[in-house]
Amino acid sequence: MRYLLVFLVSLTIFSSSFFIQRAFMTNFDENGYISTIYLMQSGRSLYRDVFTHHFPFVYYWVRIFSPFNPDYSIPRTITVFRLTLLAFYLINFLLVYFSFRHRYSRLSYSVWIILLSTFFTLYHGNIVLSEIFSAILLSSLFWLCLTRLLAWETSTRYFMLLLVLFSSAAFWIQPLLILLSFLPLIFSRHRLLVLLSLFAVNLLPPAIFVLSGQLSSFWEQAILFNIRVYSPYFLSGLPVGNRYIQTALYLLRNEYYLFTHIGNNHQIFQFTLHLGFYLLILWAVMTKNLRAGLVLGLFFFTSRVREVKIIPGSIFNFGIYPFLVISSAALISLLFKYSKYRKIAAPAFALLLVLSLVNSQPILKDSLKPGYQYHVFWSPRQQAAELIESLTRPDEKILVYPHDMDLYALSRRFPPDRFIYWFPWVDSVPTYRLERLTALASVPIPVIFLGSMNFNDDPDHYSRFFPDLVKNYIQIEKDGKPTRLWLNNLYLSRLSNLKSGP
3 MRYLLVFLVS
13 LTIFSSSFFI
23 QRAFMTNFDE
33 NGYISTIYLM
43 QSGRSLYRDV
53 FTHHFPFVYY
63 WVRIFSPFNP
73 DYSIPRTITV
83 FRLTLLAFYL
93 INFLLVYFSF
103 RHRYSRLSYS
113 VWIILLSTFF
123 TLYHGNIVLS
133 EIFSAILLSS
143 LFWLCLTRLL
153 AWETSTRYFM
163 LLLVLFSSAA
173 FWIQPLLILL
183 SFLPLIFSRH
193 RLLVLLSLFA
203 VNLLPPAIFV
213 LSGQLSSFWE
223 QAILFNIRVY
233 SPYFLSGLPV
243 GNRYIQTALY
253 LLRNEYYLFT
263 HIGNNHQIFQ
273 FTLHLGFYLL
283 ILWAVMTKNL
293 RAGLVLGLFF
303 FTSRVREVKI
313 IPGSIFNFGI
323 YPFLVISSAA
333 LISLLFKYSK
343 YRKIAAPAFA
353 LLLVLSLVNS
363 QPILKDSLKP
373 GYQYHVFWSP
383 RQQAAELIES
393 LTRPDEKILV
403 YPHDMDLYAL
413 SRRFPPDRFI
423 YWFPWVDSVP
433 TYRLERLTAL
443 ASVPIPVIFL
453 GSMNFNDDPD
463 HYSRFFPDLV
473 KNYIQIEKDG
483 KPTRLWLNNL
493 YLSRLSNLKS
503 GP
C-alpha cells in the first residue's frame with residue numbers, strides 16, 4: 003500500500019506540474035493537429051479530405067476528446083488539447099505501474115515520474131507532437147523491459163500484452179519505430195503467438211481505412227510521399243554523401259558535444275541524464291548480458307531516429323526528448339539497483355533533481371503568473387482569428403499561407419482545398435501544386451492570412467511559389483497598424499466590420 007501511495011503522489015505531482023504549464027509554448031506541428039482535428043470534427047476524413055504525411059495515431063487519439071471542445075475558443079482549445087496528452091501520460095503510467103510486483107520497480111518508477119515532472123517542459127513535453135507521444139511509449143516500453151533485464155520482474159501475459167500494444171501504437175505514431183516490434187519477440191518463448199498478435203493488432207488501422215475509403219490516400223501521403231519526397235528534404239541539412247553515413251556521423255558529433263560541454267546548468271543536467279544510459283550499457287557489458295545489450299541497442303536506435311532534429315545542449319528541442327526520458331529512467335534504475343551505496347546514490351539523485359528544478363524554474367515561475375501564457379503565446383492567435391471571423395461568413399473559405407495552421411480552427415473556417423499548410427516539399431509535387439492553383443482560381447477566398455515567408459534563411463522563399471497570391475487584395479490595418487490579413491477587393495465593404503481597440 004505504501005508503494006501505491008508513493009506512486010499516487012508522483013502522479014499528483016506530475017499532473018499538477020503539467021496543468022500549471024499546460025499552455026506554455028506553441029509549435030507548428032501542434033498547430034497542424036489543432037486544425038486537422040477541427041476539420042475531422044466537422045466531417046472531413048483524414049488523408050482523403052485533409053492532407054498530412056504523419057501517421058494517424060495522434061490524430062485519432064486527440065479526436066476522442068474533441069467533443070469537449072465544441073466551439074474552439076482559445077482557452078478551452080488549449081486546455082482540452084493539452085490534457086489529451088496528459089491523459090496519454092497518465093494511462094501509460096498506470097498500465098506500466100500495475101505490471102510491477104517488486105518494490106524496486108514500483109519505487110524507482112514513481113521517483114522517475116517525479117523527476118520527469120520537473121523537466122518535461124524543457125523539451126516540449128507538454129505539447130501535442132508525434133515525438134512526445136513516441137517518447138511516452140518509448141519510456142513505457144523501456145521500463146517494462148528494464149525491470150525484467152534487472153531481474154526485478156518476470157514475464158507475464160499482461161507484460162507481453164503491453165509490449166504488443168505499446169510497440170504497435172509506437173509504429174502508428176512514427177513508422178521508423180517498427181523495430182520496437184522485436185521487443186515482444188525477444189522476451190517471449192511463444193514467438194509464433196506474438197507474431198500473430200502483432201499482425202492482428204497492426205492490421206486493424208488498414209482494415210478501418212479500407213472500410214472508410216481512406217487507404218489509398220493514406221498510402222499516397224503517409225508512405226509514398228514520405229519515402230519519395232519528404233525524406234530527402236528532411237535530410238537536406240546533412241553534408242553531401244551517403245545519408246546513412248552522414249546521419250551516423252551527425253549522431254557521433256552530437257554524442258561528442260553532449261559529453262564535452264558542461265559549461266552551464268542545463269548542459270550539466272543533459273550530460274548527467276545522457277550518462278545514465280551509457281552506465282546501463284556498461285552494466286550490460288560487465289555482466290555479459292547479451293539480451294540486455296541487444297535491447298539497449300534497440301532502444302538507443304529508436305530513440306534517435308529523428309537525429310537530424312536534435313540540437314545537443316539546447317532547451318525546447320523535442321528531438322532529444324525520447325532519448326532523455328529513457329536515459330533518465332536508466333539512471334534512476336541504477337541508483338536503486340545500487341541503493342546499498344546510499345551515500346552516493348541519494349546525493350546523486352538530489353543533485354539531479356536540483357539541476358532540473360533550476361533549469362525549469364523560470365518556466366514554472368512564468369506559468370504561475372495569471373494570464374502570462376495566454377498573453378505571450380496565444381493572444382496574437384486569438385486576435386488574428388477574431389479578425390478573420392469579422393471579415394468572413396462561416397460558410398466561406400479562407401487561406402492561411404504558408405503554415406499558421408491553427409487559425410483555421412480558431413476562426414472556425416475551412417481551407418479552399420485539402421492543404422492546411424504549404425511547405426517546399428508539398429510544393430515540389432506537381433499534382434499537389436495543381437490542386438492548390440485550381441482552388442485559388444475557382445474558390446472565392448475573401449481573406450488571406452500571410453505568415454512568415456522565410457525558409458532556410460531566405461526571407462522571400464514562400465513568396466516565389468505563388469507570386470500573385472495577393473494581387474487583388476489589400477492589406478488590412480487595425481488601429482493604424484498593418485496586420486497579416488489581406489482582404490479581397492470584392493469584399494471591401496466588410497472593412498466596416500472592423501472595430502477599433504482590443
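Mapping of the sequence shown onto this note's numbering: residues 3 to 504, in sequence order.
From the three backbone atoms N, C-alpha and C, an ideal C-beta is built for every residue, glycine too.
Boundaries (first-last residue) of the beta strand (DSSP E) holding residue i
| i | result |
| --- | --- |
| E479 | 475-480 |
| T485 | 483-490 |
Rounded separation between residue i and residue j - CA only
| i | j | result |
| --- | --- | --- |
| F122 | W221 | 34 angstroms |
| W380 | I76 | 7 angstroms |
| A89 | I400 | 33 angstroms |
| L146 | Y323 | 19 angstroms |
| S430 | S112 | 48 angstroms |
| G503 | D481 | Residue placement at G503 cannot be trusted, given a pLDDT of 47 that sits under 50; what the coordinates show is reported in the next sentence. Spanning the two alpha carbons is a distance of roughly 7 angstroms. |
| L439 | V297 | 49 angstroms |
| I66 | S218 | 24 angstroms |
| N266 | E388 | 43 angstroms |
| L206 | F9 | 34 angstroms |
| P69 | A347 | 47 angstroms |
| L96 | F26 | 25 angstroms |
| L336 | G278 | 8 angstroms |
| L436 | R486 | 25 angstroms |
| F457 | E155 | 50 angstroms |
| A352 | L7 | 21 angstroms |
| A202 | Q223 | 23 angstroms |
| P349 | E257 | 26 angstroms |
| I36 | P208 | 24 angstroms |
| L167 | G127 | 22 angstroms |
| S110 | Y5 | 10 angstroms |
| I129 | D408 | 14 angstroms |
| S157 | I188 | 11 angstroms |
| F135 | V98 | 15 angstroms |
| L182 | V307 | 12 angstroms |
| V2 | F303 | Nothing can be reported for residue 2, as the shown portion of the chain is limited to 3 through 504. |
| S498 | Y403 | 25 angstroms |
| P234 | S454 | 23 angstroms |
| R255 | S495 | 58 angstroms |
| I390 | T149 | 53 angstroms |
Range covered by the alpha helix (DSSP H) that runs through residue i
| i | result |
| --- | --- |
| K371 | No alpha helix (DSSP H) holds K371; DSSP gives it neither H nor E. |
| L452 | No alpha helix (DSSP H) contains L452, which is instead part of the beta strand (DSSP E) from 449-452. |
| Y91 | 76-99 |
| I312 | Looking at the DSSP string, I312 is not in any alpha helix (DSSP H), and its letter there is neither H nor E. |
| N33 | 30-43 |
| D429 | 426-429 |
| M27 | It is not in any alpha helix (DSSP H) - M27 carries neither H nor E in the DSSP assignment. |
| P432 | 432-444 |
| F184 | 184-189 |
| G295 | 292-305 |
| T388 | This sequence places Glu at residue 388; Thr is not what is there. Taken as a continuous stretch (DSSP letters only), the alpha helix (DSSP H) holding E388 covers 381-393. |
CB-CB length for residue i against residue j, believed under 8 angstroms
| i | j | result |
| --- | --- | --- |
| V52 | R415 | Not a contact, Cβ separation roughly 14 angstroms. |
| G140 | A171 | The residue asked about is misnamed: residue 140 is Leu in this sequence, not Gly. No, L140 and A171 are not in contact; Cβ-Cβ is about 11 angstroms, not under 8 angstroms. |
| L471 | S392 | In fact, because the Cβ distance is near 22 angstroms, the residues do not count as touching under 8 angstroms. |
| D406 | N33 | 7 angstroms |
| G315 | H263 | 5 angstroms |
| V327 | F236 | Going by Cβ atoms, the distance from V327 to F236 rounds to 22 angstroms, so no, they are not a contact pair. |
| L185 | L282 | No, L185 and L282 are not in contact; Cβ-Cβ is about 16 angstroms, not under 8 angstroms. |
| F325 | S305 | 4 angstroms |
Bridge partners - residue i, DSSP secondary structure assignment
| i | result |
| --- | --- |
| D2 | No information on residue 2 is available, as it lies outside the stretch 3 to 504 that the chain covers here. |
| K2 | The requested residue 2 does not occur in the structure, where the chain is confined to residues 3 to 504. |
| L48 | V52 |
(request) May I ask you to verify whether the stretch 76-86 touches the stretch 443-459, counting CB pairs closer than 8 angstroms and requiring at least 3? (result) no
(request) Count the C-beta pairs between the stretch 395-411 and the stretch 13-21 that are closer than 8 angstroms, then say yes if the count reaches three, no if not. (result) no
(message) Quick check: the stretch 115-129 against the stretch 149-165, are at least 3 beta-carbon pairs closer than 8 angstroms?
(response) no
(message) Could you check whether the stretch 365-377 touches the stretch 193-201, counting it as contact only if at least three pairs of C-beta atoms, one from each stretch, sit closer than 8 angstroms?
(response) no
(request) Report yes or no: do three or more beta-carbon pairs, one from the stretch 268-281 and one from the stretch 352-364, lie closer than 8 angstroms? (result) yes
(message) Within 8 angstroms, do at least three Cβ pairs link the stretch 92-104 to the stretch 287-296?
(response) no
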